[in-house]
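Participant: Handing you this structure, nothing more for now.
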Ligand SMILES: [Cu+2]
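Numbering (the working numbering), first residue to last: 16 to 459.
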């Protein structure tokens, strides 16, 4: 179909009518959702009103009276229009689709009107009916101003949400490189956009001007290739050494650190403290059972003092080494305030070592927020409950930590011991039966 025919007055009217109809249907369906509640309320209200009117009649009004205020008497009979809850309508996709469609149609109408205006001017002998080039130039300036305001708004509103003091020692270095990158990219972003939109306005089409053909300039190309390459290389190398400095910990420091294991699963974190020996017991996925969710090998004596933590509690100013794992899909161990993040990969342990420098109480004071808590989140979209895969992290003093740890239950508890004993007995029995079977075979 020809586009002009498509945007004829008749077809546009039909389209608008159709959109309004669909939006009304959406509104009606939103009302229906609420109708049961509303009708019940009306019924209850009118029953109560009737009753009160009857009571008023018998008690307050005189038996015989010539001056009866009928308006007041029947005021309660006036059916109040129920307030319609339109929230369901605003949540529906059809509503927004139709709204978008209406906006498109509206733009098309303006285009059509301008076209008609142009044609009529042409018919009157005015060749230069409408200066589209000037309009486009002005639009470019508008887009630049709106965009720059958006950048300013985002920095002032979102900035304070993300830029806050790190709770860990290494976090300082991450923040430093992050800020350097942000400053450089912001300057480049703003300058290039001013140039881009500004040039589009300055060099918009003029009838008396001709564009200068300027296809190539080696010096310019060298500058805009070499300068970004140097800046990016410096940033990447700087970032690489920062990351390496944080994650490459000497073996000696690894041993000194407090050892904790955190294993992700859909949708929670399992926490294991290494106990008195500061060594986590071995584990194998083959040993995973309903009673041994982490697959801990209880034959390994290192696991006997491992403790189960309901939350993560860490002593302040002490290096902590977290062994991160996953039981099912990819998760990501992420404590934003401590600038800690590492993927939790099934079948492959990953590690992150860090030193918290402020306790939760100190951080609450610093931020002037009594509700503040360090939170461990999952930073990989791992399924429907991903949003809620979080655990509180409490950073406390050394003595508070020791006190808390002593109260945490052991993984190697009485039930596990009993289960182990039963398994040993079963194994012995099976062994004896096998021996008897072998003997029978021999003596056949
Ligand atoms: Cu997850």
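Ideal placement from N, C-alpha and C gives every residue a C-beta, glycine not left out.
Excluding the five sequence neighbours on either side, which residues of its own chain have a C-beta within less than 8 Å of the C-beta of residue 403, listed in chain order?
Facilitator: 282
Participant: Between which two residues does the alpha helix (DSSP H) containing residue 153 stretch?
Facilitator: 147-172
Participant: Do the region 370-389 and the region 196-211 make contact, defined as three or more Cβ pairs closer than 8 Å?
Facilitator: no
Participant: With a threshold of 8 Å, establish whether the CB of residue 344 neighbours any heavy atom of ligand 1.
Facilitator: yes
Participant: Under 8 Å Cβ to Cβ from residue 62, same chain only, skipping five residues before and after it: list those, please.
Facilitator: Any reading at residue 62 is ruled out, since the residue's pLDDT is 44, under 50, leaving its predicted position unreliable.
Participant: Residue range of the beta strand (DSSP E) that residue 279 falls in?
Facilitator: It spans 273-280 - the beta strand (DSSP E) in which residue 279 sits, taken as one unbroken run.
Participant: Is it the case that the CB of residue 347 approaches a heavy atom of ligand 1 more closely than 8 Å?
Facilitator: yes
Participant: According to the neighbour-count rule (16 or more other Cβ atoms, all chains shown, within 10 Å of its Cβ), is residue 330 buried or exposed?
Facilitator: buried
Participant: When the distance is taken between beta carbons, is residue 368 closer than 9 Å to residue 262?
Facilitator: yes
Participant: By the DSSP assignment, the beta strand (DSSP E) with residue 254 in it spans what residues?
Facilitator: Premise fails: residue 254 lies in the alpha helix (DSSP H), 233-262, not in any beta strand (DSSP E).
Participant: Express the C-alpha separation of residue 278 and residue 361 in angstroms, rounding to a whole number.
Facilitator: Between the alpha carbons of residue 361 and residue 278 lies a distance of about 9 Å.
Participant: Identify the continuous alpha helix (DSSP H) that holds residue 414 and give its terminal residues.
Facilitator: 413-422
Participant: When the Cβ atoms of the region 347-364 are set against those of the region 182-197, are three or more pairs found closer than 8 Å?
Facilitator: yes
Participant: List the whole-angstrom C-beta distance separating residue 289 from residue 311, where the pair is believed to meet the contact cut-off of C-beta under 8 Å.
Facilitator: Wrong, their Cβ atoms sit about 12 Å apart, outside the cutoff.
Participant: I'd like to check one pair, residue 287 with residue 309: are the Cβ atoms closer than 9 Å?
Facilitator: yes
Participant: Are there any heavy atoms of ligand 1 lying less than 8 Å away from the beta-carbon of residue 282, as far as the coordinates show?
Facilitator: yes
Participant: Just tell me which of 298, 33, 422 has its CA closest to the CA of residue 112.
Facilitator: 33
Participant: Grab me the residues of residue 394's own chain with a C-beta within less than 7 Å of its C-beta, minus the 5 sequence neighbours each way, in chain order.
Facilitator: 347, 349, 356
Participant: With DSSP as the reference, label residue 175 as helix, strand or coil.
Facilitator: helix
Participant: Less than 8 Å between the CB atoms is what I'm expecting for residue 213 and residue 148, so what's the real figure, rounded?
Facilitator: Not a contact, Cβ separation roughly 16 Å.
Participant: If you compare alpha carbons, which of 316, 366, 134, 327 is closest to residue 340?
Facilitator: Checked all of 316, 366, 134, 327; the closest Cα to residue 340 is 366.
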